[in-house]
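4 protein chains.
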Amino acid sequence: MSSDCGHTVRLSIFGESHGPGVGVVIQGLPPGEKIDLEDLYAFLARRRPGQNRLTTTRKESDKPVFLSGVTESGGAVITCGTPLCVFIENQDARSGDYAGFTEVPRPGHADYTAAVRYRGFADMRGSGHFSGRLTAPVCVAGGIAKQILSRKGIQVGAHLYSVGPVQDAPFPLMPTAELLNAVAAKSLPVLNDSAGEEMEREILAASDAGDSVGGIVECTAIGLPPGLGSPMFDGVENRLSTALFGIPAVRGVEFGAGFAAAAMRGSQNNDPFVFQNDRVETTANNHGGILGGITTGMPLLLRAAIKPTPSIAQAQQSVNLTDGHSETLHIAGRHDPCVALRAVPVVEAMTAVVLLDMMMEETDIGDQ
Amino acid sequence: MSSDCGHTVRLSIFGESHGPGVGVVIQGLPPGEKIDLEDLYAFLARRRPGQNRLTTTRKESDKPVFLSGVTESGGAVITCGTPLCVFIENQDARSGDYAGFTEVPRPGHADYTAAVRYRGFADMRGSGHFSGRLTAPVCVAGGIAKQILSRKGIQVGAHLYSVGPVQDAPFPLMPTAELLNAVAAKSLPVLNDSAGEEMEREILAASDAGDSVGGIVECTAIGLPPGLGSPMFDGVENRLSTALFGIPAVRGVEFGAGFAAAAMRGSQNNDPFVFQNDRVETTANNHGGILGGITTGMPLLLRAAIKPTPSIAQAQQSVNLTDGHSETLHIAGRHDPCVALRAVPVVEAMTAVVLLDMMMEETDIGDQ
Amino acid sequence: MSSDCGHTVRLSIFGESHGPGVGVVIQGLPPGEKIDLEDLYAFLARRRPGQNRLTTTRKESDKPVFLSGVTESGGAVITCGTPLCVFIENQDARSGDYAGFTEVPRPGHADYTAAVRYRGFADMRGSGHFSGRLTAPVCVAGGIAKQILSRKGIQVGAHLYSVGPVQDAPFPLMPTAELLNAVAAKSLPVLNDSAGEEMEREILAASDAGDSVGGIVECTAIGLPPGLGSPMFDGVENRLSTALFGIPAVRGVEFGAGFAAAAMRGSQNNDPFVFQNDRVETTANNHGGILGGITTGMPLLLRAAIKPTPSIAQAQQSVNLTDGHSETLHIAGRHDPCVALRAVPVVEAMTAVVLLDMMMEETDIGDQ
Amino acid sequence: MSSDCGHTVRLSIFGESHGPGVGVVIQGLPPGEKIDLEDLYAFLARRRPGQNRLTTTRKESDKPVFLSGVTESGGAVITCGTPLCVFIENQDARSGDYAGFTEVPRPGHADYTAAVRYRGFADMRGSGHFSGRLTAPVCVAGGIAKQILSRKGIQVGAHLYSVGPVQDAPFPLMPTAELLNAVAAKSLPVLNDSAGEEMEREILAASDAGDSVGGIVECTAIGLPPGLGSPMFDGVENRLSTALFGIPAVRGVEFGAGFAAAAMRGSQNNDPFVFQNDRVETTANNHGGILGGITTGMPLLLRAAIKPTPSIAQAQQSVNLTDGHSETLHIAGRHDPCVALRAVPVVEAMTAVVLLDMMMEETDIGDQ
């Protein structure tokens, strides 16, 4: 019924955009894992708003406060293994901007559906619990998961694959850790910087037109062992897709060749097996590192489609829910012209949480 | 860890392609629901192989046997409310066709990943538990769910949206029950019959070339109430995507405008609200009937990308897992040149099961 | 909402007492585990009715048929790792004995509550899905789990701790595998055979009086590693109790000293720690092998209270649900005078399933 | 793997005894429910320590801070329907008292098992996440659940059924709301005040002897509709027992006659049905309001056995985990001589949370 997910590593997310703050309880983390706070803050900074003219001007320090589940020792923060709760205070909330949307719902937003679902009782200031602000605790969980995974030799990285009609280069067949780190360090996380510049122009053009623009995030994970996952409903795709659709504005999720595979012949789409680098690999990665719901050991490859920010400055048509009369809506407030940009670390985070969850279940009783 | 899904209405699927049979236990069905067997058989026939030259020549009567959870009264079968188990015997299995794939895995199949995951113990004849044959029990569950939903005024329907490069027309803004029934009755379930003829040519061309071809299934549900679903991880998209990726060969799932939304401006993608037909509607359906994970009351709209059948007659490159040497693989056996065709009722079935599951949770304590 | 349980190893139980049969789908079993059929049949025989004058005269061969999830090789049955389904046909059902109980509910039975819950649609012949017959598939799952656990050095055993006022000796501080095997081999599984003889007299006396009698089953598991389980809601007690209350007629579950601990002082109840046998042990086992929800490595010790069989030959007062008038009820049919006797292997089975489930989760990512 | 529970109304509990604080995220609450803060504080005060000489002298104001999920309007706090997070700061923690227990585990405590389970990384000051302090957020959730249930005509109440050998009177066949309120208002919540005085003497005698004493809590719920729950693993007993064993120190749970039923004949234990007060009732309540896992509409009746506080002033034997040598342990710190006393509202709270969870699922699609 709500905002929790996971099997072994489980998130329970809470908070509203204009309430006291947002946070997450993470159940099932392994004990004894060091959390490098500088690294975590750096990861959160990639999602944080107010950093450049491509994002909303809302300013939040997004400092995570650990309420449980860790001990400190010599400057290091270490997981206890017990439930870890992190809280992030809301600081720069301007609720006045949102008065009235409960009466006249914004197109593309959850104002109308929340009104029906919660019978008018949800706190929808700043979109409330539906806000992109809820991705801050997702990134806390994901940032911690990424650190734990990296000690297992698994690295998760993403880039902005497209903005509107502008395409970045796709990930290469075998992305390296260096490549993922280099992309993450960019203010516009792309592989091809000239595509990035074009994306920037596209975003600013949309913004100047009082509009917004969509985009696609491509994410990979390298270093996964083969054999992770299960057929039917507990495969890598099932668990990742249900988590990724938890990110506001995601409208589609695909793995490997994805929708493009639907236009292919089998002889094109099937990836030949080879034995190289002391293991079984494939010479292409249309399968995105997953066959039958189970990892092959090739890089995991997925894409998430992010719709254009529904809040735009242009006038829009809506209805007044009190009596059904039509109204022309003008949305003030501060908004990202392209949420796909800030979704890049969120997709990484969500992917890392799911992969850590699956890795916790990896060892089979029969192996021992 | 495997082949069960759902919250209130829960499936536990079992069986292997060349074992005794396949089946499903459905927990949590409402009691007192009539199952119209003729209607159910007709639905299952839409998925059944061996019916025309576009599908595999494997012949299975696919007669579901009810092992529990129903009573019969005057020719009618009625749900008890207790767990319903259905078993479908395998009849036309030719296991000899599959000898050897545990040593030399077929590209695009789960042979390699299953070997790692199950350490060589899975029964992979005919792809075993990974086989498309496991969609037969999914269709039993879905056929029952469709009947229950239809009594609530909800109808689920799908069509073959594309085959390779050939596109059908998309669903209209407001599909009618008549349209959905008419499409379901066709041997090639499309909206535009001339597109259907072209698809047929495309499938036969692939087949003649010893190849296969992918496709996209578009599915809709009409009559859903607004307010169904929840934000973050328990929304309509989360629950549908995790179920739909349980169908073998699905590589992507999108809702409403889906990936196309990523190329749009917000002013294009946002659907204006209007008050008409005594309720709140939208003048377009890029949102696919879902905002914030919650239904708007507009038609649910989703698409699933189906990869080309990995089994093709052409020679393929693989490795022998015993020592890593390269082998050229020739796959015999009977295979669908385009599994997307038979996936149409499966996508309907899976969607219906999830929607029934969600409808069971609809009523809120506060309403009473 | 129903008859499934477990986290990693998950059961989905189905069937009715007088329908085609009963069965279970087991998801998440480890692959490559040999199922010794003779051993399994011998275990099932311990629960099977119709064996002596202490149990119901209903005769069922209870032959389990494997519908999926196993392969046979050289006479041995081996788990695939994929969902294992077992079906047991009903053979000796006499439904005529049960006509009328939907109108006049039997005291102590689920006739009335099932009528309300399933609005009259449940198949309640022979108590339907509420019947003790549903413990047959539980024993199949438990018999398999016991075999897998024994390869890990874990043995589960139980005895009839009491029948009415007659008490057996309790398990010793450190039960041996030999003791557990010896008890299991007895037709009346007790530690003290003279207590067993007295129990037999008590059961026959109840039977002769047209009555029934309750009892307590005590169960232990030896060889468990320390550190299994978690605090609060995922501890050994939580998972075992929720499973054990799934056995019909269980009215209470306690661990270690259980309810007796409530009458103790702390100085009596606390078990002193000692280092012996190369490990940490305790000199008493009031804690039942569990502290804080987590195993200590001492024998797991639990007791389940089984109420007297509600079906008795004596006349009883009930009401006719059609109009509320009082009726005197006479129950025919074949019934166990003391279900606690046949519950002994069922408690073992349920305990084994839960422990296997927990063992599957044992290995922690941090250990590797 | 940890500290979350529930199906529709779900708790995720976090915190350590000597960390920043303790709290809970509650997912799935119905929207629009008023939380009466005075009533909630009064309920929490029943569990709070430091109030009289029968409990620990640790003083905590236990003021719950709402971090999400509510709005305030005219002094009233109203649920939004979105996740509700409550945090309670730790104020009077004296961690010095607990140094050393990671090396020399306290008998009856989780020190040893936590050390194994969390490999030495758990924060075990004041028993950390295993502390009775974690019942404070349980009471917040339960206090809210009790208020919502009471609007449905359901009232949950409990009393101290026994302390050591001293017994209170049992609940009458049909407890009234007045009776439950009157008991809740007492500093020693008993039905028979002279038994209460004897209990007080028993507790003080244990305390004076540097010892502690166990007890039993009996809990009831009146006003439940018949038909709530399901057979096998989703019945009232399954869900309540798994939750109640989440309360530290609970060693046994029984329903209705419970373990006493094991000593009865069926003719004694079966409760005759009658039609009175315009509904089906029973003339006794050995079944505790549950048959076949489903409510009958009679009062729910359960008992939880609480072991004596393991922390006692007397010297105890333990081992030093570093090298296995025996040590005599002296426990300082502040402790309840009888935790059963403060467990009374906790059992009420846990019961209320589970019943609300089940009530949220009550309405069946077929009824509409």
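Chains as they are written, first to last, in numbering that gives the first Met the number 0: chain A, 0 to 367; chain P, 0 to 367; chain W, 0 to 367; chain U, 0 to 367.
We treat Cβ as the ideally placed atom computed from N, Cα and C, and that holds for glycine.
DSSP beta-bridge partners of residue i
{"i": "Ser161/A", "result": "Gln166/A, Ile215/A"}
{"i": "Ser149/A", "result": "BP columns for Ser149/A are empty, so no partner."}
{"i": "Leu340/A", "result": "Leu340/A is not bridged to any residue."}
{"i": "Thr389/A", "result": "Given a span of 0 to 367 for chain A in the structure shown, any question on residue 389/A remains unanswerable."}
{"i": "Arg118/A", "result": "None, per the DSSP bridge assignment."}
Spatial distance of residue i from residue j (CA atoms)
{"i": "Gly257/A", "j": "Pro63/U", "result": "48 angstroms"}
{"i": "Ala140/A", "j": "Tyr111/U", "result": "29 angstroms"}
{"i": "Phe42/A", "j": "Met349/A", "result": "13 angstroms"}
{"i": "Pro164/A", "j": "Arg264/P", "result": "10 angstroms"}
{"i": "Gly156/A", "j": "Leu187/A", "result": "14 angstroms"}
{"i": "Ala75/P", "j": "Gly234/P", "result": "35 angstroms"}
{"i": "Thr134/P", "j": "Asn237/A", "result": "16 angstroms"}
{"i": "Leu190/U", "j": "Ile246/A", "result": "53 angstroms"}
{"i": "Pro174/A", "j": "Asn284/A", "result": "12 angstroms"}
{"i": "Ser72/A", "j": "Leu66/A", "result": "16 angstroms"}
{"i": "Ser229/A", "j": "Met123/P", "result": "14 angstroms"}
{"i": "Ile143/W", "j": "Gly226/A", "result": "24 angstroms"}
{"i": "Gly195/P", "j": "Asp207/P", "result": "18 angstroms"}
{"i": "Leu299/A", "j": "Leu10/A", "result": "22 angstroms"}
{"i": "Met305/U", "j": "Phe244/U", "result": "Here residue 305/U is Ile; the residue named in the question, Met, does not match the sequence. So the two alpha carbons sit approximately 10 angstroms from each other."}
Neighbour list for residue i in chain U, Cβ cutoff strictly below 9 angstroms
{"i": "Lys185/W", "result": "Under the 9 angstroms cutoff, chain U gives no residues; its nearest Cβ is about 20 angstroms from Lys185/W."}
Contact list for residue i against chain P, beta-carbon separation under 7 angstroms
{"i": "His128/A", "result": "Pro230"}
Per-residue contacts from residue i into chain W (C-beta, under 8 angstroms)
{"i": "Lys151/U", "result": "Within chain W, no residue comes near Lys151/U; the closest Cβ sits about 17 angstroms away, beyond 8 angstroms."}
Member of the options whose CA lies at the smallest distance from the CA of residue i
{"i": "Gly22/U", "options": "Leu159/A, Leu39/A, Leu83/A", "result": "Leu83/A"}
{"i": "Asn319/U", "options": "Ala181/U, His286/U, Gly296/U, Glu102/U", "result": "Glu102/U"}
{"i": "Val353/U", "options": "Gly18/U, Phe13/U, Leu28/U, Pro19/U", "result": "Leu28/U"}
{"i": "Asn89/W", "options": "Gly20/W, Gln26/W, Asp167/W", "result": "Gly20/W"}
{"i": "Gly213/U", "options": "Ile289/U, Ile202/U, Ala262/U", "result": "Ile202/U"}
{"i": "Glu326/W", "options": "Ala183/W, Gly332/W, Gln315/W, Phe170/W", "result": "Gln315/W"}
{"i": "Arg132/A", "options": "Asp210/A, Ile87/A, Gln146/A, Pro230/A", "result": "Ile87/A"}
{"i": "Ala183/A", "options": "Ser1/A, Gly323/A, Arg46/A, Val8/A", "result": "Arg46/A"}
{"i": "Gln267/U", "options": "Ala121/W, Gly209/W, Ala168/W", "result": "Gly209/W"}
{"i": "Val343/A", "options": "Lys33/A, Glu217/A, Ala205/A", "result": "Glu217/A"}
{"i": "Ile12/W", "options": "Gly296/W, Ala242/W, Met357/W", "result": "Ala242/W"}
Chain-ordered chain W contacts of residue i [CB-CB under 7 angstroms]
{"i": "Cys388/U", "result": "The question about residue 388/U has no answer, for chain U in this structure spans 0 to 367."}
Neighbouring residues, chain P, relative to residue i (Cβ below 8 angstroms)
{"i": "Thr78/W", "result": "Phe120"}
Contact test: residue i Cβ vs the ligand FAD heavy atom, cutoff 8 angstroms
{"i": "Thr55/U", "result": "Among the components modelled here there is no ligand, and therefore nothing to report on the ligand FAD."}
Where residue i meets chain A, residues with beta-carbon distance less than 8 angstroms
{"i": "Met263/P", "result": "Gly163, Val212, Gly213, Lys306, Pro307"}
Interface residues of chain A facing residue i [CB-CB closer than 9 angstroms]
{"i": "Ile311/P", "result": "Arg264, Gly265, Ser266, Asn269"}
{"i": "Phe244/U", "result": "Near Phe244/U there are no residues of chain A at all, since even the closest Cβ is about 17 angstroms away, more than 9 angstroms."}
Cross-chain neighbours of residue i in chain W, by beta carbon under 9 angstroms
{"i": "Arg333/U", "result": "The premise fails here: Arg333/U is roughly 15 angstroms from chain W at the closest Cβ pair, so nothing lies under 9 angstroms."}
Using a beta-carbon distance cut-off of less than 9 angstroms, what residues from the segment 200-212 of chain P approach chain A?
-> For the segment 200-212 of chain P, the residues whose beta carbon sits under 9 angstroms from a beta carbon of chain A are, in order, Ala205, Ala208, Gly209, Asp210, Ser211, Val212.
Got a sec: which bits of the segment 116-127 of chain W sit with their beta carbon under 8 angstroms from any beta carbon on chain P, in order along the chain?
-> Here the close residues are Arg116, Tyr117, Arg118, Gly119, Phe120, Ala121, Asp122, Gly127.
Mind checking the segment 22-34 of chain W against chain P and listing, in chain order, the residues whose C-beta falls within less than 7 angstroms of any C-beta there?
-> Cβ contacts with chain P: Gly22, Val24, Gln26, Gly27, Pro30, Gly31.
Using a beta-carbon distance cut-off of less than 9 angstroms, what residues from the segment 98-115 of chain W approach chain U?
-> Residues passing the 9 angstroms Cβ filter: Val103, Pro104, Arg105, Pro106, Gly107, His108, Ala109, Asp110, Tyr111, Thr112, Ala113, Ala114, Val115.
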